[in-house]
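Asker: Residue numbers (the numbering used here): 52 to 221.
#1: If you check the beta carbons only, do residue 136 and residue 158 fall under 8 Å apart?
#2: Measuring alpha carbon to alpha carbon, tell me which residue in 216, 207 and 108 is nearest residue 162.
#3: Work out the CA separation of residue 212 and residue 205 for me, nearest whole Å.
#4: What's the gap between the Cα of residue 191 and the Cα of residue 110?
#5: Look at the alpha carbon of residue 103 and the alpha carbon of residue 134, and state the distance between them as a whole number of angstroms.
#6: Report the rounded CA-to-CA distance for residue 160 versus residue 178, giving the unit in angstroms.
#7: Where does residue 203 fall in DSSP's three states?
#8: In this structure, how does DSSP classify residue 145 when only helix, strand and coil are distinguished?
#9: Looking only at C-alpha atoms, which of 105, 200 and 185 sits nearest to residue 132?
#10: Mapping DSSP to helix, strand and coil, what is residue 127?
#11: Tell me whether the beta-carbon of residue 171 lies closer than 8 Å to the beta-carbon of residue 138.
#12: Could you have a look at residue 170 and say whether DSSP puts it in helix, strand or coil?
#13: Are the beta-carbon atoms belonging to residue 194 and residue 147 less than 8 Å from one another?
#14: In the DSSP assignment, find the alpha helix (DSSP H) that holds residue 135 and state where it starts and stops.
#15: Exposed or buried, which one is residue 126 when buried takes at least 16 other CB atoms within 10 Å?
#16: Who are the near neighbours of residue 202 in its chain, counting only those whose CB is closer than 6 Å to its CB and skipping five residues on each side?
Shown next, in the form of structure tokens:
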């Protein structure tokens, strides 16, 4: 090898194929100024090169894996529908239910009315006469949350029934 060539260029040496069969070939060491034998492991790469390649591969895998984990959506726990309904109607909106059980029972009664085919206007009228606050907004809130949380299979029926609904004049 010539003196100006890079250390890694020993792979280009014409005698490399002969020396690879034996696992030993000569490489130039600029600090020693002489050729020295270098033991290689398969296909002419040194153990250091193989370790560097492995280290690079592991680093890339860790970087890609870390990015994948960072992009994954986080799971959030959802409360039970009954719990969420009680919170919505007793804490958030403060309807006049005596207990959480009474609120849940009333929500399921709304579901039964919708599933039995009562019109949206009928359900709204009954809710306005049963609970306080009893305005249009409060009744709509209670009906929609009951159906959404306690009987989601009835959402389509409620929407279909509410099509064209106009609140009565106050």
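Positions of the beta carbon are idealized from the N, C-alpha and C atoms, including for glycine. Note that this is a predicted model, so its numbers are computed, not measured.
Answerer: Put simply:
#1: Yes, the pair counts as a contact, with Cβ atoms nearer than the cut-off.
#2: The shortest C-alpha separation from residue 162 is found at 207.
#3: So the alpha carbons of these two residues sit roughly 11 Å apart.
#4: Take the alpha-carbon of residue 191 and the one of residue 110: they are about 57 Å apart.
#5: Going by the C-alpha atoms only, they are around 56 Å apart.
#6: Using only the alpha carbons, I get a separation of about 10 Å.
#7: It is helical.
#8: Coil, per DSSP.
#9: If we check each option's Cα against that of residue 132, 200 comes out closest.
#10: Coil, per DSSP.
#11: Taking 8 Å as the cut-off, the beta carbon of residue 171 is found no closer than this to the beta carbon of residue 138.
#12: Coil at residue 170, not helix or strand.
#13: In this structure, residue 194 lies away from residue 147, with their beta-carbon atoms at least 8 Å apart.
#14: Annotation: the continuous alpha helix (DSSP H) that includes residue 135 extends over 132 to 137.
#15: Its Cβ having fewer than 16 others within 10 Å, residue 126 is exposed.
#16: Closer than 6 Å at Cβ, skipping near neighbours: 162.
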